[in-house]
Structures are given as C-alpha cells and as structure tokens.
Amino acid sequence: MYDLYQIDRLIDLWLSEDIGYCDLTAQLMIDEDAVATFHMNARESMVIAGIGVAERILKRYDPTLAVTRLVSDGQRVEKGARLLTISGLARSIVTTERPTLNILQRMCGIATETARYRAAIEGTGACLIDTRKTTPGLRMLEKHAVVCGGGVNHRLGLDQGVMLKDNHIAVAGSIRNAVARARRQLPILTKIEVECDRLEQVAEAAEAGADVIMLDNMPPAEMKKAVAMVAGRAKIEASGGIRIDTIRDIALTGVDYISTSKITQSAPAVDIGLDE
30 MYDLYQIDRL
40 IDLWLSEDIG
50 YCDLTAQLMI
60 DEDAVATFHM
70 NARESMVIAG
80 IGVAERILKR
90 YDPTLAVTRL
100 VSDGQRVEKG
110 ARLLTISGLA
120 RSIVTTERPT
130 LNILQRMCGI
140 ATETARYRAA
150 IEGTGACLID
160 TRKTTPGLRM
170 LEKHAVVCGG
180 GVNHRLGLDQ
190 GVMLKDNHIA
200 VAGSIRNAVA
210 RARRQLPILT
220 KIEVECDRLE
230 QVAEAAEAGA
240 DVIMLDNMPP
250 AEMKKAVAMV
260 AGRAKIEASG
270 GIRIDTIRDI
280 ALTGVDYIST
290 SKITQSAPAV
300 DIGLDE
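In our numbering, the protein residues as written are 30 to 305.
Right under this line is the structure:
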C-alpha cells in the first residue's frame, strides 16, 4: 500500500542521484534509436514486493518502454523465475537498470525475511508486526514489503498512535497519570500503548486502561505471567531481542503481537538480474 504521488517524488530523486548529467556510457556505446528486450530474473527464491514500483521507475524515465509484469506482490517465486520483461529503447533500459534493481532487491529482501519470521510462528495465534526502524525516506515501501511477506504494520509514523515510554511516564509521574492525560485529548480512533519492562508496570498499565501493553525485553517466563495478569484487558506486544531462533517460544507465551526490526533493518537484499 503506497501513494503514487509520493512514489514518483522518490523515483525522481533516485534517477537524479544515479544519472547525474547523463548516462555517459550508454550514450557513447548505444545508438540513440537502438531497441532491445531485457528480462528481469530471480537468481534465488524470494517473495515479491515492489514489482509495480520497478515498472514505474522504468516508465517514469521513458514512457515509451513496454513493461510486462510476470509476477505479483506477495507471490513466492523460485530461482530462475522471470519477473519483468522490458522492451524499447536500449539506452533507457540500461540507464534505469540500477535504480530499478536496487529498490526491487531491497523490497523483495524485506518481504522474504518477513515471510521467514512469519513461518516460524505459524499456528501460534501471534501476529508479526514491524517497527519504525526503517531506511529514511523508504518507510512507505519497506512497510509495504512487510505486508507482502505476511507481516502487519505497526505505526507508520509518530502521528499514528500514542506510545508511552519511560521518559513520558517519568514526566507524568506514573503510568496511570500518563494514560489518563493521553486519553483526555486522544482522537477517538487512536490507541494508547504502554511500554513495560517489569510485571508491576504491566499490572498498572492494564488497570489504567491501556489499549496495548508492550513487553520490552522480557524473558518468555515473565511474558506468560504478564499474559495471565492482563487476562484479555489489553492486547500484548512482545518486543526487543527478537530473533528467528527465539520467536516461536515468544509466540507460545500467548502474546498477541511480536514486533521486530530484524525484518526491515537486517533483511539482506535478494539477487535479481537484468538479462538480455
């Protein structure tokens, strides 16, 4: 889910950064009227995200290019799968190759890593969610990639929910005071989440009427106690130190959400090539 106006602004920046004054190599080596057909191919298995963005980069630079999408966002493909076919002026295809591959490899990498984490908690009832730890300027696209991989978005930005952390609570004097103060002026459809690292904080947050309680870096044994303590009065999110080898044990504690930056910050780019 992304806005095309915002995407076009990003694409203009990417192309300007990469091309500079002109693609000198393409203009020296390729005749102005030369045409070609190139194929974008997966060089490893992956989950697709950003295929429409890739097409838009190509068409933004040269609207005469014929681009055929052969896969869809959210689709898993195997090594060797053909993703896009591009026909038209050879100069245009070669000039836009790197920005197009860069964003597609990044987005597919996030979707693929998200799918790996999501598979690890299959059947537990827990929902995998992302964080705001994204690449500056690319949040909209990276969060779209998370959804393509089977995850769910947390806040898109600071204006999309109240997250009460230790500093906010310290200023208010207590969790109860902080929740009450936020609730008085809160937009009616907006939720309040309280970050807790101790069980006594969890009890106070639940009694104060928090909508979501985040368990920050708690061991699974304490998470189980927190789930029992809250008893459905609020949704519970586990966060901090989540790894692929620990996420299932965390999910089995009964938490509703598990948030991790690993699926965005640490996701490796996948290997995609552009071949004639």
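Glycine is no exception: its CB is placed at the ideal position from the N, C-alpha and C atoms. Note that the structure is predicted; figures quoted are calculated from it, not measured.
Taking residue i as part of the beta strand (DSSP E), name the residues at either end of that continuous run.
i      : result
His68  : Val64 to Ala71
Ser288 : Tyr286 to Ser288
Arg98  : Ala95 to Arg98
Ile17  : There is no way to answer for residue 17, as the model of the chain reaches only from 30 to 305.
Ser268 : Lys264 to Ser268
Ile242 : Val241 to Asp245
Leu303 : Ile301 to Asp304
Give every residue of the same chain whose Cβ lies closer than 6 Å to the Cβ of residue i, excluding the five residues on either side of it in the sequence, and list them in chain order.
i      : result
Gln134 : Ala298, Val299 and Ile301
Arg111 : His68, Asn70 and Leu99
Glu107 : Ser74
Gly103 : Cys177
Quick check: the Cα distance between residue i and residue j, rounded to an integer number of angstroms?
i      : j      : result
Met258 : Pro249 : 14 Å
Ile80  : Ser74  : 15 Å
Ala237 : Val191 : 14 Å
Lys291 : Arg272 : 8 Å
Asp240 : Arg227 : 18 Å
Gly274 : Lys254 : The sequence given here has Asp at residue 274, not Gly. Each residue's Cα considered, the two are about 22 Å apart.
Asp278 : Arg105 : 26 Å
Thr129 : Thr163 : 19 Å
Trp43  : Val176 : 23 Å
Ala78  : Ser295 : 17 Å
Arg205 : Val96  : 56 Å
Ala260 : Leu281 : 16 Å
List the endpoints of the continuous alpha helix (DSSP H) containing residue i.
i      : result
Thr129 : Ala119 to Ala149
Leu87  : Ile80 to Tyr90
Ile198 : Asp195 to Ala201
Val259 : Pro249 to Val259
Leu53  : Leu53 to Met58
Leu170 : Arg168 to Cys177
To which residues of the same chain is residue i closer than 8 Å at the C-beta, ignoring the five residues directly before and after it?
i      : result
Gln35  : Met169
Glu222 : Gly190, Val191, Met192, Leu193, Ala239, Asp240, Val241, Ile242, Met243 and Glu266
Asp52  : Arg120, Val123 and Thr124
Val64  : Ser116, Gly117, Leu118 and Ala119
Around the Cβ of residue i, are there at least 16 other Cβ atoms within 10 angstroms (buried) or fewer (exposed)?
i      : result
Tyr50  : exposed
Arg120 : buried
Gln214 : exposed
Gly152 : exposed
Thr143 : buried
Thr124 : buried
Here's a check: name, in chain order, each residue in its chain whose Cβ is nearer than 7 Å to the Cβ of residue i, leaving out the five neighbours to either side.
i      : result
Asn246 : Asp226, Gly269 and Gly270
Kindly say whether residue i, judged by its beta-carbon, lies nearer than 8 Å to any beta-carbon of chain B.
i      : result
Glu142 : In the structure shown, chain B does not exist; there is a single protein chain.
Practice task
Would you check if there are 3 or more beta carbon pairs closer than 8 Å linking the stretch 181-189 to the stretch 155-162?
Solution key: yes
Practice task
Evaluate the contact criterion for the stretch 191-201 versus the stretch 46-61: three or more CB pairs, one atom per stretch, below 8 Å.
Solution key: no
Problem - Any 3 or more C-beta pairs closer than 8 Å across the stretch 41-50 and the stretch 139-146 - result: no
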